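Read through the structure below, which is laid out as structure tokens, and then see the notes.
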Amino acid sequence: MLCICATASLLAFGLYRWQKPFSDSRVEHGREIGTVKWSPPSNATPARSAVRLCACITQSPCSSAHFTRSVPKYYFDLSTGTASVAIARFKATKFPKKGTVRPGGSGTRLAAQSFADLIGEDWDLLGFDPRGINKTTPQVQCFNSSLDFNFFVANTVLQQGFTVASSTNLLNPTIEAQLFEQAREFIALKKSQAELCAKNMGDELKYMGTATVVRDMDFMILDCEDA
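In case it helps, mature numbering (1 follows the signal peptide of the UniProt record, and there is no 0) puts the sequence shown at residues -18 to -1, 1 to 209.
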């Protein structure tokens, strides 16, 4: 109990320190070392656009709806064009509703009855496919066909997985050597796959990644009641 109280006190103190406002002066050990000057970046991000998809989300007569939203392909250079983000909504069928959850990616596949069966039918499900995945375009196409991909991973650690269990005694030299061999194979295959992606996708790969997906989420704010 004492440990729990001490931990809670430290967390509370950390939150208090985190919430204190920052001043414009940088101070190090009581000595002022400079002044922060705020200015907009040279290539400013476009103003956040509140996307009104209320009709699709709240007024659709059916429990499931699929739609797309155009977003900047690259938020710091609008001349690159747009990407199309696939979105899916599955309405709660039991009331009162508990709220809205996002099942993860691929969001358009998981925002469905099968996921509602897992967590309960009193949740609205709202999902989207992140950049490069499933119905969102442009898609990541590293291989020319599924046959090429199957040939690439056949009989490799990518297909069979690591055969050394996590509970195995890695102090055994034989097992350790086996694990390192599989790890080297995995890294080599992933490097080759990345090179194929760069070759076949070109500059499109620059517009896919975690930071871009976060900007997409911010851009696609659903600005309506019960969205």
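Here a beta-carbon is modelled for each residue, glycine too, at the ideal position from N, C-alpha and C.
Owing to the predicted nature of the structure, the values given are computational and were not obtained by experimental measurement.
Residue j beta carbon less than 7 Å from that of residue i
i, j, result
"arginine 113", "methionine 190", "yes"
"glutamate 103", "lysine 73", "no"
"aspartate 111", "serine 128", "no"
"alanine 98", "alanine 70", "no"
"serine 66", "serine 52", "yes"
"arginine 197", "tyrosine 57", "yes"
"threonine 194", "leucine 171", "no"
"glutamine 123", "valine 146", "no"
"valine 135", "glutamine 142", "no"
"residue 231", "proline 120", "Any property of residue 231 remains undetermined from this structure, which presents the chain solely from -18 to 209."
As assigned by DSSP and simplified to three states, the class of residue i
i, result
"residue 225", "Outside the displayed span of the chain (-18 to 209) sits residue 225, for which this structure offers no information."
"glutamine 142", "helix"
"glutamine 121", "strand"
"methionine 199", "helix"
Burial state of residue i (16 or more Cβ within 10 Å)
i, result
"glutamate 163", "exposed"
"valine 9", "Caution is warranted here: a pLDDT of 43 is assigned to valine 9, below 50, making its placement in the model unreliable, and the coordinate value is therefore given only provisionally. With fewer than 16 other Cβ atoms within 10 Å, it is exposed."
"threonine 118", "buried"
"glycine 109", "buried"
"phenylalanine 133", "exposed"
"phenylalanine 201", "buried"
"threonine 192", "exposed"
"proline 78", "exposed"
"alanine 47", "buried"
"proline 155", "exposed"
Residues bridged to residue i [DSSP beta-bridge criterion]
i, result
"isoleucine 69", "Phe49 and Phe110"
"proline 155", "Partner(s): none; proline 155 has no beta bridge."
"serine 54", "Looking at the sequence itself, residue 54 is proline, so the reference to serine does not match. According to DSSP, which records beta bridges pairwise, proline 54 is partnered with Thr64."
Integer-rounded CB distance, given that residue j should sit under 8 Å from residue i
i, j, result
"valine 83", "leucine 100", "Rounded, the Cβ-Cβ distance is 11 Å, inconsistent with contact."
"alanine 68", "asparagine 116", "7 Å"
"glycine 81", "tryptophan 105", "7 Å"
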